[in-house]
Amino acid sequence: MSSGDDLSLEGRVVAVAADRGHHFSKPTQDRILLVEGHSVEGEAHAGPFVRHRYLARRRPRLPNLRQVHLIPFELFA
1109 MSSGDDLSLE GRVVAVAADR GHHFSKPTQD RILLVEGHSV EGEAHAGPFV
1159 RHRYLARRRP RLPNLRQVHL IPFELFA
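Its first residue numbered 1109, the sequence shown is counted upward by one per residue in my numbering.
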């Protein structure tokens, strides 16, 4: 296991994706706008409360804690 000194906050964005609809795969975009406390502007899952269809029906005031997914580039290699 590596020490915490090996961690870096630097990175490179290789793609961004967003979709206004509730789909599993999201098309890549030229750019996105991140809105603090909201997520990606125009994204189907954006907003202060959970937007996942299953949870939104059962607990509509549940906070939206999964606003943006960051996926390490190495997982695509």
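The beta carbon of each residue, even a glycine, is placed where N, CA and C say it ideally should be. Remember, predicted model here, so these are calculated numbers, not experimental data.
Q. Within 10 angstroms of its Cβ, does V1122 collect 16 or more other Cβ (buried), or is it exposed?
A. By 1-based counting over the sequence shown, the position of residue 1122 is 14. With fewer than 16 other Cβ atoms within 10 Å, it is exposed.
Q. Taking Cβ positions, are G1119 and A1152 nearer each other than 9 Å?
A. Translated into the one-based positions of the sequence shown, residue 1119 becomes position 11. Translated into the one-based positions of the sequence shown, residue 1152 becomes position 44. Their beta carbons are not under 9 Å apart, which means G1119 does not touch A1152 by this criterion.
Q. Would you report the Cα separation of A1164 and L1178, rounded to the nearest angstrom?
A. Numbered from its first residue, the sequence shown carries residue 1164 at position 56. Numbered from its first residue, the sequence shown carries residue 1178 at position 70. Each residue's alpha carbon lies about 23 Å from the other.
Q) Is F1157 helix, strand or coil by DSSP? A) As a first step, residue 1157 must be located in the sequence shown, where it is residue number 49. In this structure, F1157 counts as strand in the three-state DSSP scheme.
(Q) Which residues does DSSP list as the beta-bridge partners of S1190? (A) Outside the shown range of the chain, which is 1109 to 1185, sits residue 1190, and nothing can be said about it.
**Q.** Inter-residue spacing [alpha-carbon to alpha-carbon] between S1116 and H1146
**A.** For the purposes of this step, residue 1116 is taken as the residue at position 8 of the sequence shown. For the purposes of this step, residue 1146 is taken as the residue at position 38 of the sequence shown. For S1116 and H1146, the distance between alpha carbons rounds to 26 Å.
Q. How big is the Cα-Cα spacing for N1204 and H1160?
A. Limits of the chain in this structure are 1109 at one end and 1185 at the other, which puts residue 1204 out of reach.
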